[in-house]
Structures are given as structure tokens and as C-alpha cells.
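Under this note's numbering, the first residue of the sequence shown carries the number 948, and numbering increases by one thereafter. Beta carbons: idealized from backbone N, C-alpha and C, even for Gly. Here's the structure we're looking at; comments come further down.
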Amino acid sequence: MDIAIYDETERVNNEHLELIEAVIIAAAKTLELKDNIEVSATIVDNERIHEINREYRSIDRPTDVISFAIEDNDDDDFEIFFDESVDEDIQLPRLLGDLFISIDKVKEQSEEFGHSFERELGFLTVHGFLHLNGYDHQTDEEEKIMSALQDEILEEIGLERK
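Right under this line is the structure:
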């Protein structure tokens, strides 16, 4: 598993970066994903996530987490061509996508919801990661499934709701 974590804010300590990685690993295990996956997580501030939200989602406000899934079930976006001489036994990594997490929102929401900074960071990480894997919360049924998975994963690493 290849997890790239970037801190554009330079405001996140190593323990929090390690927490992001641990959450992604726990989520991948719960979802029974193969080890041959790639994902990135970038920590940004409210200003940067606002720009991303406006540019890519046409929503003119900051948000807490944005997921850009490589596999979004839209096969019309692009075609991948392989050289026929490539060995078919080569296992190319599954590119899941990219997460952008607002560190400002982590702080704001942890205070608003009355739980730790770490719990909120873990929640936003797992929430975004589940979106990368096709989970959503547009309907009550989807919300129920996604919420149960989030709780299970966070509890597994000791970040359950208090």
C-alpha cells in the first residue's frame, strides 16, 4: 500500500500524520482491499479547500474534506492503452485517488462536536477514504451503511465517539 501524505499548512505534527496513515490502513483492511493500492492525503487550510471546492464542485465555501476518486464508475472519461508487450503478470497498483482535508475545519468541528482533534481528523480521513471507494450518503440507506463503517473503523483504532 502506497500512502502519500502532504501537509501544505506545515501545522500538523508527525503524530497526526501517522494517525491519517493508520486510519487509511485500518479502513483498507476493513474494506478488504488488496495491498496494491495508492492513495494520497493532503492537509490544507480553509482558504485552499475553499478554492478547490469552488473550482471542482462549484460550491463557494470551505468544506472539511474533499475526495477525488480515480475510479468513479464513469468509463467514458478516458481510455487506458497498454503496450501489448507488457507482461500480463505485472500487478499495476490500484489508484484510489486523493483526499484534501482542511485542518481548520478539523479544529473547528472538533470543538463544535465536543470531541478530540484526533477523533475529528480520523473521522474526516475515513469519511473521505470511503468516498474514494464508492461509498456515499445521498440516501438514508447509503448513510446508514457509511456511518456504520466509519464507526467500526474509528472504534478499531480507538477513536470511537465518547
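Reduced DSSP category for residue i - H, G, I as helix; E, B as strand; rest coil
i, result
"residue 985", "strand"
"residue 1094", "helix"
"residue 1053", "helix"
"residue 1070", "helix"
Backbone CA spacing between residue i and residue j [nearest angstrom]
i, j, result
"residue 985", "residue 948", "6 angstroms"
"residue 973", "residue 1107", "14 angstroms"
"residue 1041", "residue 1099", "24 angstroms"
"residue 1048", "residue 1063", "16 angstroms"
"residue 1086", "residue 955", "34 angstroms"
"residue 999", "residue 1103", "31 angstroms"
"residue 978", "residue 963", "22 angstroms"
CA nearest to the CA of residue i, picked from the options
i, options, result
"residue 913", "1070, 1091, 1083, 1045", "In the structure as shown, the chain starts at 948 and stops at 1109, and residue 913 therefore has no counterpart that could be examined."
"residue 983", "950, 1095, 1071, 1069", "950"
"residue 1097", "998, 1078, 1006, 1005", "1078"
Residues of its chain near residue i, where Cβ-Cβ distance is below 8 angstroms and the 5 sequence neighbours each way are ignored
i, result
"residue 953", "987, 988, 989, 990"
Chain-order list of residues whose beta-carbon lies under 6 angstroms from that of residue i (same chain, five-residue window excluded)
i, result
"residue 967", "952, 988, 1072"
Contact belief for residue i with residue j at Cβ below 8 angstroms, rounded distance in angstroms
i, j, result
"residue 1014", "residue 1075", "4 angstroms"
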